[in-house]
Amino acid sequence: MHQSINLERFYPHSIDKVWLGLTSRSALKHWLMENDFEPALGHEFQFFLKSELGQEVIIYCEVITLDPPKQLSYTWREQWMDQPSIVTWTLNSVEDGTWLQLCHSGLDVASPQPLRSPVGIWRSQASQDTVTITQTTAGMAAFSIDFRQEWQDRLNQLAERLLQAPTL
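Residues 1378 to 1545 in our numbering are what the sequence shown lists, from first letter to last.
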């Protein structure tokens, strides 16, 4: 069984500035994770961090859609995943700012493997909690974290980054 997360957020910034927040290695480091991202179709890259507990987390990605400054998609594969999920960012310029849509699709909620989600790790890093998937009696997995809330927290951090850095 697969799960998708869909979120929208308005930013009172130009589409170009929001695009830079999503595609600048430096900006990504501040609101998401350390990375070796390049905005190039087919570019394989990684998000990585070392938790306070010393665990190294690597997320393997590849840019699969690049339409500046309107859309960016990349695969997202963690060790527990049989298949990569897909993260898609869609930007729409509107009066006084930009609407940003996030779709993180293909999250396998039935995986029997422990989950150290990209979003879960952020919380885990801050609180040193362990993030896992637990099996229900029906054999379906239930996430022990709220992915939606974690992505919302990340989008809030992007908003703060955009306000702090006039030019990124």
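No residue lacks a Cβ here, since even glycine has one placed at the ideal position from N, Cα and C.
Short check: CB of residue i to CB of residue j, under 8 Å?
{"i": "residue 1477", "j": "residue 1528", "result": "no"}
{"i": "residue 1457", "j": "residue 1538", "result": "no"}
{"i": "residue 1425", "j": "residue 1433", "result": "yes"}
{"i": "residue 1524", "j": "residue 1436", "result": "no"}
Based on DSSP bridge pairs, tell me the residues matched to residue i.
{"i": "residue 1386", "result": "1477"}
{"i": "residue 1421", "result": "1439"}
{"i": "residue 1412", "result": "1424"}
{"i": "residue 1434", "result": "1426"}
{"i": "residue 1468", "result": "1477"}
{"i": "residue 1379", "result": "1485"}
{"i": "residue 1463", "result": "1452, 1482"}
{"i": "residue 1444", "result": "1448"}
Excluding the 5 residues preceding and the 5 following residue i in the sequence, name in chain order all residues of the same chain whose CB lies nearer than 8 Å to its CB.
{"i": "residue 1463", "result": "1441, 1450, 1451, 1452, 1453, 1480, 1481, 1482, 1483"}
{"i": "residue 1413", "result": "1402, 1422, 1423"}
May I have the straight-line CA-CA distance separating residue i from residue j, to the nearest angstrom?
{"i": "residue 1465", "j": "residue 1448", "result": "7 Å"}
{"i": "residue 1394", "j": "residue 1531", "result": "17 Å"}
{"i": "residue 1455", "j": "residue 1429", "result": "19 Å"}
{"i": "residue 1388", "j": "residue 1446", "result": "14 Å"}
{"i": "residue 1392", "j": "residue 1404", "result": "15 Å"}
{"i": "residue 1472", "j": "residue 1406", "result": "29 Å"}
{"i": "residue 1411", "j": "residue 1542", "result": "18 Å"}
{"i": "residue 1396", "j": "residue 1431", "result": "32 Å"}
Cutting at 7 Å between CB atoms, please list the residues of its own chain near residue i, excluding the five before and the five after it.
{"i": "residue 1474", "result": "1387, 1388, 1389, 1390"}
- [ ] Taking 8 Å as the threshold, find out whether the region 1440-1447 comes into contact with the region 1408-1422 through three or more Cβ pairs.
- [x] yes
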